[in-house]
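Let me begin by presenting the structure, written as structure tokens, before commenting on it.
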Amino acid sequence: MKKRVFKILALLLAFLFIMPTFLACKSQPIKAGKRALATVGAVGEFEVPYEELYFFANNYKQSFGDKYGDAAKDHSDELREAVYKDIVANYAVLTLAKEAGLSTDSEEVQEEVQSRLDSYIEEDFDGKRSKYKKYLKEEGITDNYIRFSIAVDIVYSQLVSEYLKTGAINSDEQYVKNAIKEEFVRTWHIMIPNEDGNAANYDLAKEALDKINAGTSMFEMIGSKYNKDFMLTTTDGYYFTKGIMDESYEKAAYDLEVGEISGIVESTAQIDGQQINCYYIIQRLELEDAYITANFETLRSTYLTSCVYEKVETLQSSLSFAPNEYCNSLDLFELDAPNQTDLFVMGIIAAVTISCIACAAVVTIVIVKIKNKKRVK
2 MKKRVFKILA LLLAFLFIMP TFLACKSQPI KAGKRALATV GAVGEFEVPY
52 EELYFFANNY KQSFGDKYGD AAKDHSDELR EAVYKDIVAN YAVLTLAKEA
102 GLSTDSEEVQ EEVQSRLDSY IEEDFDGKRS KYKKYLKEEG ITDNYIRFSI
152 AVDIVYSQLV SEYLKTGAIN SDEQYVKNAI KEEFVRTWHI MIPNEDGNAA
202 NYDLAKEALD KINAGTSMFE MIGSKYNKDF MLTTTDGYYF TKGIMDESYE
252 KAAYDLEVGE ISGIVESTAQ IDGQQINCYY IIQRLELEDA YITANFETLR
302 STYLTSCVYE KVETLQSSLS FAPNEYCNSL DLFELDAPNQ TDLFVMGIIA
352 AVTISCIACA AVVTIVIVKI KNKKRVK
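Numbered by the numbering used here, the letters in the sequence shown go through residues 2 to 378 in order.
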């Protein structure tokens, strides 16, 4: 009996120590709370949750603060208009996806979501759930909304394959080559970060532009102290079409004639996986046939993606976000962060507690058995 009891005790202790490791093998979902999932309106047949409204409003708050300073709250209508416009984008994709028989809830999509999120946590947070949770809290983003955004991105990619299959997009090689030559632009630029909204950053951009206007070539400026885009390592520059770059960068590039240099363009950039505000000075360059031929498959993929973007943009212009009474009552400058509960951690705590209680119970049984044997003797 004693041996059996100690075997049970050993198994419980083993379970106690290996269980957290077992559960941590994947980025388990963090449940969004009641506020996060509260409906704030709809786009067509799709309900929009509070967590999405908060995400866009929170993103704009910083830029409005940089732009208007203490008077930012006087522009609440402008903020609301910008947020409502951005909300529509995801649901334009979902509307097209539904028409094509695609769903973010499919097993294939959800498995890919899990895989991407696992990789994201591994690469950006050293595989540590605690760091990921800290990031969510600091940014006011829910795990649920990140998963939703990844799922939308996946079905967006699936739309390309679906449209190719049905012939909704023309993928003929010569047709695509002609489209690239007619619709793509090629640029290079210098980029000055402005993540802190400091006036000195604009002064630096102005200084760089003055040097260019005084005769310094863009080639020289790209290798100078002014440029912080370290991805620009060749003279090829960037080849892109509409829907690929940030909207303000795209507009500035398409407005230029070949060889012409822009003024200071306020936009955004990706640095170390984070989107930051920045200033660009852009030069439009002539497309090169040799580059197009050598990189045709990459450019072809970009073109096909842009075809889907065009369909999304067309539909998006006909959709609108319809806020409900609850949404209309909210001050978008003063939103409370969406709440979420980490059932993963709660599960570990509960399991550890149960294991400890079970271990204590087994130990108690052992002690009682020993005492009873002594009394019998």
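Every residue gets a Cβ at the ideal spot worked out from N, C-alpha and C, and that includes glycine.
Since we're looking at a predicted model, the values are computed, not measured.
If you look at Gln159, you'll find it in the alpha helix (DSSP H) that goes Asp144 to Thr167. Where Asn278 is concerned, the enclosing beta strand (DSSP E) starts and stops at Gln275 to Leu286.
For Glu174, the enclosing alpha helix (DSSP H) starts and ends at Glu174 to Glu184. As DSSP reads the structure, Gln341 sits in a beta bridge with Ala33. Residue pairing from DSSP leaves Glu113 without any beta-bridge partner. Where Glu79 is concerned, the enclosing alpha helix (DSSP H) starts and stops at Ser77 to Glu100. Gly141 carries a coil assignment under DSSP once its states are collapsed to helix, strand and coil. Between Ile283 and Ala323, the C-beta spacing is not below 8 Å. Where Ser249 is concerned, the enclosing alpha helix (DSSP H) starts and stops at Glu248 to Asp256. In this structure, the alpha-carbon of Arg187 lies about 15 Å from that of Thr294. DSSP places Phe241 within a strand segment (E or B) once states are collapsed to three.
Counting other Cβ atoms within 10 Å of its Cβ, Met232 stays below 16 and is therefore classed as exposed. Where Glu48 is concerned, the enclosing beta strand (DSSP E) starts and stops at Phe47 to Pro50. Secondary structure of Gly260 (DSSP, three-state): coil. Between Ala37 and Gln341, the gap from beta carbon to beta carbon is short of 8 Å. Beta-bridge analysis with DSSP links Met192 to Tyr281. Counting C-beta atoms within 10 angstroms of its own C-beta, Gln276 has fewer than 16 neighbours from the protein chains shown and is therefore classed as exposed. Going by DSSP, Thr105 is part of no alpha helix (DSSP H) at all; its letter is neither H nor E. Between the alpha carbons of Thr217 and Asp204 lies a distance of about 18 Å. For the options Tyr157, Tyr304, Leu103 and Lys229, the alpha carbon positioned closest to that of Val177 is the one of Tyr304.
Only buried fits Asp144, as 16 or more other CB atoms lie within 10 angstroms of its CB.
Pro194 has its alpha-carbon roughly 28 Å from the corresponding atom of Asp78. Straight-line spacing of the CA atoms in Glu335 and Asp67 works out to 17 Å.
Annotation for Ala43: the continuous beta strand (DSSP E) segment containing it runs Thr40 to Val44. Relative to Val156, the option among Asp125, Ile191, Asn171 and Gly102 whose CA is nearest is Gly102. CA-CA distance, Glu258 to Ala83, rounds to 30 Å. Taking Ile170 as reference, the option from Tyr280, Leu286, Ile223 and Ser307 with the minimal CA-CA separation is Ser307. DSSP places Ser131 in the helix class (H, G or I) of the three-state scheme. In this structure Ala152 does not touch Thr96 by the C-beta definition: roughly 15 Å separates them, more than the 8 Å allowed. Going by C-alpha positions, Ile262 is about 12 Å away from Met222. Taking Ala206 as reference, the option from Lys229, Ser321, Phe185 and Tyr146 with the minimal CA-CA separation is Lys229. Scanning its chain for C-beta atoms nearer than 6 Å, with the 5 sequence neighbours on each side dropped, one finds around Arg301 the residues Val177, in chain order. In the DSSP assignment, Ile223 falls within the alpha helix (DSSP H) that extends over Met219 to Ile223.
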